[in-house]
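Participant: Here it is, the structure, as structure tokens.
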Amino acid sequence: MPLSRMNGFFSPPLHLQRHEFVIEFVKKSRPRTVLDLGCSGCSLLRKLRFHRHSVQLLAGVDIDCAAIRQNMKALDPLMAEYLQPSSRPLTIKLYEGSITEAEPCTKGFDLITCIEVMEHLQLWEVERFSEVLFEYMEPHTVIITMPNAEFNSLLPGLTGFRHKDHKYEWTRAQFQAWAEGVCRKYGYSVEFTGVGEAPGETRNVGFCSQIGIFQREFGDLHRQRNNTEQEPTVYKLLYRVVYPSLSDNNILQKTLVSEVLYKAEQLKKEWLEGQEGEPCDLTFCEQLLPSEAVRQAMEVEEVYMQGSWVCVPLLRVWASSTVQALCSSFQQLRAILLVDIQVQLDADRDVIMLPVAYEEEEDVEQMDEGEKVECMSRSVNDNVEEDWESEL
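Using UniProt numbering, read the sequence shown as starting at 1 and increasing by one per residue.
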């Protein structure tokens, strides 16, 4: 049956319901490492990267090298990831390989998903797949979905299997018998559910896609580290990307300095706007000795002007909750700014000194407008990239 007709039969489309099931499970169970078997178009991984929660590693395996290469760039970090790095690290890896082969890089994942993949295996491969998945990979949790053959009678125009590449489609009894067998053999428990409810009085046929959730009976989540840094020996690594995050000290410092300068410029702009129409205030600092002007301003932590500089007390910047979230103490903030060439502090290291630069301010405003257009452009492009509802 064509996927377009299947999608028209369900709202939301069935493939979105399957992915949403996995996403909700990830939100609740908070795995650190997730491996998607049969990742192909990478659509599930593309969604999971936006629902990271505690996830630090997303990986995918598929035997179709061309499909991975065609879709892998969609997993690249968006511009927003660099502008506002997450506090959590994230690495994404894609491998070419067969899910019936034992690969050390796949051992010990917190969660493995296998979404509508098993039915593409030959029946004689199922036993080997079960052994590799449950005994060798030994994940904490496995989510497997596959077509429910009992539902097929409700799909108009369907003759045979739902896809020309399906080797079989199991009834609920067949799927449950296989699942309970691997649980007894490899030490797992299983719960059954599904997505794609049958209408009205036909609900006795079960869900269109049946789901088995397998949990390892012994061992806690995160009980062992998977071989994330090991080079694959059986699979071929096709793609690897490390997302920018605040766990990288270099990125953390760049983000902190950027936020400090943004806050300081904001305070400078507010102060200058407050001086408009009040020329006497603009010359206030010039009417006093520099040391007295500094002393009076600092007593109340106010922004002030000294010569051609606008002076922003560092404590005013430190008062920003965003800055404090990036830095553990005022002393650490000062130490970081001291070694950064973008920031100019006064001799006492208590004030950020910013040039008045009225002419340059106009250029900055024009640049800001250009950045707005660029951001809007990126937003449109990002929406196109993330418009996974339109995929089949």
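No residue lacks a Cβ here, since even glycine has one placed at the ideal position from N, Cα and C. All figures in this text were calculated on a predicted structure; none of them were measured in a lab.
#1: Along the chain, where does the alpha helix (DSSP H) that runs through residue 258 open and close?
#2: Tell me whether residue 30 sits in a helix, a strand or coil according to DSSP, three-state version.
#3: Residues in its own chain within less than 6 Å of residue 59 by CB, not counting five upstream and five downstream?
#4: Please determine, among 205, 128 and 31, the residue with the shortest C-alpha to C-alpha distance to residue 170.
#5: DSSP on residue 178, reduced to helix/strand/coil?
#6: From the DSSP secondary-structure annotation, give me the bridge partner or partners of residue 49.
#7: Here's a check: name, in chain order, each residue in its chain whose Cβ is nearer than 8 Å to the Cβ of residue 245, leaving out the five neighbours to either side.
#8: Excluding the 5 residues flanking residue 166 on each side, which residues of the same chain have their C-beta closer than 8 Å to its C-beta?
#9: By DSSP, does residue 104 sit in helix, in strand, or in coil?
#10: By the DSSP assignment, the beta strand (DSSP E) with residue 215 in it spans what residues?
#11: What is the DSSP secondary structure of residue 142, counted as helix, strand or coil?
#12: Counting C-beta neighbours from all protein chains within 10 Å, is the total for residue 124 16 or more, i.e. buried, or is it exposed?
#13: DSSP state of residue 236, grouped into three classes?
#14: Is it true that the CB of residue 150 sits closer than 8 Å to the CB of residue 172?
#15: Can residue 132 and residue 102 be called in contact, C-beta distance under 8 Å?
#16: Express the C-alpha separation of residue 29 and residue 98 in angstroms, rounding to a whole number.
#17: On a CA-only basis, which of 33, 52, 347 and 48 is nearest residue 110? Give me that one, please.
#18: Where residue 351 and residue 312 are concerned, what is the direct C-alpha to C-alpha distance, given to the nearest angstrom?
#19: Is it buried or exposed for residue 43, if we count other Cβ within 10 angstroms and need 16 for buried?
#20: Leaving aside the five residues before and after residue 145 along the sequence, list all residues of the same chain whose C-beta is less than 6 Å from its C-beta, in chain order.
Facilitator: This is what the structure holds:
#1: From DSSP, the alpha helix (DSSP H) with residue 258 extends over 249 to 275.
#2: Coil.
#3: Counting only Cβ-Cβ distances below 6 Å, and skipping sequence neighbours, we find 35 and 93.
#4: Distance from the Cα of residue 170 is smallest, within the candidate group 205, 128 and 31, for 205.
#5: Residue 178: helix per DSSP, three-state reduction.
#6: Residue pairing by DSSP places residue 49 in no beta bridge whatsoever.
#7: Excluding sequence neighbours, residue 245 sits near 85, 86, 87, 88, 89, 90 and 251.
#8: Closer than 8 Å at the Cβ level, and outside the excluded window around residue 166, lie 119, 120 and 147.
#9: DSSP, reduced to helix, strand and coil, places residue 104 within a helical segment of the structure shown.
#10: Per DSSP, the continuous beta strand (DSSP E) segment holding residue 215 begins and ends at 209 to 216.
#11: Reduced to three states, the DSSP call for residue 142 is strand.
#12: Around the beta carbon of residue 124, a 10 Å sphere encloses fewer than 16 other beta carbons of the protein chains shown; the residue is thus reported as exposed.
#13: Three-state result, residue 236: strand.
#14: Closer than 8 Å, so yes.
#15: Taking 8 Å as the cut-off, the Cβ atoms of residue 132 and residue 102 count as close.
#16: Taken atom to atom, the span from the alpha-carbon of residue 98 to that of residue 29 is near 27 Å.
#17: Of the candidates 33, 52, 347 and 48, 33 places its Cα closest to the Cα of residue 110.
#18: For the pair residue 351 and residue 312, the Cα-to-Cα distance works out to about 5 Å.
#19: By the 10 Å Cβ count, residue 43 comes out buried.
#20: The residues are 18, 115, 116, 209 and 211.
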